[in-house]
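Okay, so here's the structure we're looking at.
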Amino acid sequence: MRKILSNNRGITLIEAVVSLLLITIILISFYGMFIQSKKTNSNAESISDATYLAQTEMEKIYELSKNQSISSLNSTFITGYSLTSNRSIRACDDLNQLNYNEYTSEIVYEKTLNEKYKSIIMIRQLCDFEKSTTILIDIIDTNNKIKATVENVYVWK
Numbered sequence: 003m004r005k006i007l008s009n010n011r012g013i014t015l016i017e018a019v020v021s022l023l024l025i026t027i028i029l030i031s032f033y034g035m036f037i038q039s040k041k042t043n044s045n046a047e048s049i050s051d052a053t054y055l056a057q058t059e060m061e062k063i064y065e066l067s068k069n070q071s072i073s074s075l076n077s078t079f080i081t082g083y084s085l086t087s088n089r090s091i092r093a094c095d096d097l098n099q100l101n102y103n104e105y106t107s108e109i110v111y112e113k114t115l116n117e118k119y120k121s122i123i124m125i126r127q128l129c130d131f132e133k134s135t136t137i138l139i140d141i142i143d144t145n146n147k148i149k150a151t152v153e154n155v156y157v158w159k
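The working numbering applies: residue 3 is where the sequence shown begins, and numbers increase by one.
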């Protein structure tokens with residue numbers, strides 16, 4: 003009979019293929035996590051940038067509200083912005099109860115901030131408070147998706 007020789011000094015081809023297959027499966031699962039992490043970080047950075055831009059624009063309007071009267075809202079008084087809409091909604095009714103959602107006019111301004119974002123400012127004059135307005139700022143990306151929204155109520159000079 004033939005004597006079977008055993009060699010324990012190396013690995014067989016099957017063992018090498020199986021270990022490469024296991025390493026590949028493990029690396030592919032980590033690769034998917036890295037891709038998802040990159041997408042999440044990119045999206046978070048985009049939202050953070052847009053929020054910063056919206057807050058900066060809101061601070062500019064706050065400064066304007068301290069220095070200008072509410073009657074100047076009808077002109078294009080915000081530097082760099084173009085007036086896109088100015089419409090009267092309705093006259094304020096004699097309200098026995100306070101309804102904070104009613105407003106008389108709506109003015110919309112638009113401006114391209116940079117190659118990625120544009121800003122839309124909507125100013126609504128409130129009925130219940132003579133010199134008060136609701137300011138809504140939307141930051142919109144190149145795909146026309148809203149990336150950030152900031153809203154505030156200001157009392158004008």
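We put the beta carbon where it would ideally sit given N, CA and C, even for glycine.
Within the chosen definition, does the segment 132-140 reach the segment 30-50 through at least 3 CB pairs nearer than 8 Å?
Too few Cβ pairs lie closer than 8 Å, so no.
What are the boundary residues of the alpha helix (DSSP H) that includes Y54?
Numbered from its first residue, the sequence shown carries residue 54 at position 52. Note, Y54: alpha helix (DSSP H), 15-69.
Is the separation between the beta-carbon of I141 and that of K149 shorter than 8 Å?
Residue mapping note: residue 141 aligns to position 139 of the sequence shown, counting from 1. Residue mapping note: residue 149 aligns to position 147 of the sequence shown, counting from 1. Against a cut-off of 8 Å, the Cβ pair of K149 and I141 comes out as a contact.
When the distance is taken between beta carbons, is K41 closer than 8 Å to S84?
Here residue 84 refers to the residue found at position 82 of the sequence shown. Here residue 41 refers to the residue found at position 39 of the sequence shown. Not in contact: S84 and K41 (Cβ atoms no closer than 8 Å).
Own chain, CB closer than 7 Å to S71, minus 5 neighbours either side, in chain order
Here residue 71 corresponds to residue number 69 of the sequence shown, with the count starting at 1. Answer for S71: W158, K159, listed in chain order.
Chain-order list of residues whose beta-carbon lies under 8 Å from that of T151 (same chain, five-residue window excluded):
Within the sequence shown, residue 151 is the residue found at index 149, counting from 1. Excluding sequence neighbours, T151 sits near A56, L138, I139, D140, I141.
Give the straight-line distance between the Cα atoms of S107 and N88, rounded to the nearest whole angstrom.
Residue mapping note: residue 107 aligns to position 105 of the sequence shown, counting from 1. Residue mapping note: residue 88 aligns to position 86 of the sequence shown, counting from 1. Their Cα atoms are separated by approximately 7 Å.
Going by beta carbon distance, what residues of the same chain come within less than 8 Å of L23, once the five residues before and after it are set aside?
Counting from one through the sequence shown, the residue named residue 23 turns up at place 21. Once the five neighbours on either side are set aside, L23 has no close Cβ partner at all.
With distances taken from CA atoms, which of V110, D143, D130 is nearest Y119?
The count along the sequence shown starts at 1 and reaches residue 119 at position 117. Measuring from the Cα of Y119, the nearest candidate turns out to be D143.
First and last residue of the beta strand (DSSP E) that includes N154?
Looking up residue 154 in the sequence shown gives position 152. N154 -> beta strand (DSSP E) spans 148-157.
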